[in-house]
Amino acid sequence: MEEAIRKADILIEALSYIKKFRGKTFIIKYGGSILLEKSIRERVIQDLVFLYFMGINVVLVHGGGPNINKALKKMNLKSEFYKGIRITDANTFLVVESELMKLNTLLAKELEELGAKVGGVSGKEDLVFARKKEEDIDLGLVGEVADINLPKFKELLDKNHLVVLAPLGRDSQGQVYNINADEVASFLSYKISAEKLVFLTNVKGILRDPADEDSLISSIKEEEVKELIEKKVISEGMIPKVTAGLSAVEKGTKKVHIIDAKIPHALLLEIFTDKGIGTEIIK
């Protein structure tokens with residue numbers, strides 16, 4: 016009986032959040048090594064389907080770096096990076112596109128198996144408009160988001176689809192580019208006026224002391240985040256996600272969350288409990 020009462024208390028705690036977020040849009044970014052681990056992925060899929068059936072509009076933007084690295088190695092194609100960006104020639108792009116679409120299909124299938132109505136798509140399907148990313152050197156077929164097709168996204172969500180988006184985009188000449196998934200998620204979150212942008216990672220969140228896991232910052236304002244970046248408190252690996260999160264908050268996304276997907280049902284714990292388990296960035 017005590018266990019049943021405890022479960023009921025948890026539902027009551029979640030009720031105010033369910034009422035608050037019903038009909039709102041969440042952008043969830045999911046990728047990296049945590050995408051490959053089946054036990055983690057199963058829990059993430061369960062959480063996403065829970066959000067979906069709670070009446071929340073969910074857009075899942077996924078990466079695929081480890082899968083791409085593995086496939087390139089198998090084909091004896093060397094990966095070269097510049098400022099953390101994969102230089103993408105024509106042969107590399109074919110592998111990138113193939114691996115991203117395999118993952119897109121897998122995620123859509125696993126979500127559908129739990130009952131969600133899924134729209135598995137890539138940005139190249141006139142959803143994400145891209146332009147070539149300019150750097151000091153030619154990065155090849157690497158792009159950045161120029162805009163999104165807002166009516167198409169809204170149409171998918173209005174038809175009760177859980178959208179699964181691969182980070183590809185097409186320019187005005189029809190050229191398809193590989194785009195950083197963090198950037199796609201960030202851009203989409205403020206253009207679509209999302210309630211939340213959530214980064215599922217393999218770290219707890221933002222730590223005040225990188226050497227002390229107990230120094231997790233539960234809630235932080237954008238100005239303090241910038242100070243921590245300047246002081247090099249935020250590690251290099253986290254900077255792209257934090258920067259993408261800051262951009263979203265500055266342009267209108269209400270909250271950005273960085274959470275550890277290795278924690279069972281991290282997404283639900285962050286959103287539907289009073290304390291949460293990661294870091295939220297607010298304006």
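Here the numbering used here is used: the first residue of the sequence shown is 16, the next is one more, and so on.
C-beta atoms are modelled at their ideal positions from N, C-alpha and C, and glycine is treated no differently.
So what's residue i in DSSP terms, helix, strand or just coil?
i	result
residue 123	helix
residue 204	helix
residue 270	strand
residue 21	helix
residue 154	coil
residue 260	helix
residue 221	coil
residue 139	coil
residue 193	strand
residue 102	coil
residue 380	With the chain covering 16 to 298 only, the question about residue 380 has no answer from this structure.
Taking 7 Å as the threshold (beta carbon to beta carbon), is residue i in contact with chain D?
i	result
residue 181	Protein chain content of the structure displayed is limited to a single chain, and chain D is not contained in it.
Please report how far the alpha carbon of residue i lies from the alpha carbon of residue j, in whole angstroms.
i	j	result
residue 184	residue 55	28 Å
residue 95	residue 249	25 Å
residue 143	residue 162	6 Å
residue 323	residue 200	Since the first residue shown for the chain is 16 and the last is 298, residue 323 is missing from the structure and cannot be characterised.
residue 247	residue 103	29 Å
residue 90	residue 131	35 Å
residue 234	residue 160	28 Å
residue 225	residue 16	42 Å
residue 203	residue 170	15 Å
residue 120	residue 44	16 Å
residue 32	residue 274	18 Å
residue 178	residue 75	6 Å
residue 136	residue 100	23 Å
residue 116	residue 193	12 Å
Bridge partners of residue i, per DSSP?
i	result
residue 216	275
residue 84	Beta-bridge pairing links residue 84 to no other residue.
residue 72	40
residue 177	133
residue 288	None, per the DSSP bridge assignment.
residue 159	146
residue 77	45
residue 183	193
residue 2	Lying outside 16 to 298, the shown extent of the chain, residue 2 is not represented and no answer is given.
residue 34	Answer by DSSP bridge pairing: none, since residue 34 is not bridged.
Between the Cα of residue i and those of the options, spot the shortest distance and give me the residue it belongs to.
i	options	result
residue 114	66, 126, 36 and 51	51
residue 111	125, 123 and 92	92
residue 236	252, 272, 198 and 21	272
residue 70	37, 48, 181 and 167	37
residue 288	130, 26 and 67	26
residue 264	152, 210, 218 and 290	210
residue 106	274, 117, 88 and 285	88
residue 222	207, 32 and 296	296
residue 266	67, 298 and 242	298
residue 172	195, 134 and 204	134
residue 186	23, 238 and 145	145
residue 46	20, 100 and 197	197
residue 268	193, 207 and 244	207
residue 239	261, 194 and 219	261
residue 98	217, 195, 241 and 219	195
residue 182	73, 220, 139 and 128	139
residue 147	166, 190, 129 and 122	190
Are at least three pairs of beta-carbons, each pair with one atom in the segment 226-233 and one in the segment 53-69, less than 8 Å apart? no
query: At a cut of 8 Å, does the segment 80-89 reach the segment 243-259 through at least three beta carbon pairs?
result: no
inquiry  = I want to know whether the segment 138-158 touches the segment 206-222 - three or more CB-CB distances under 8 Å.
reply    = no
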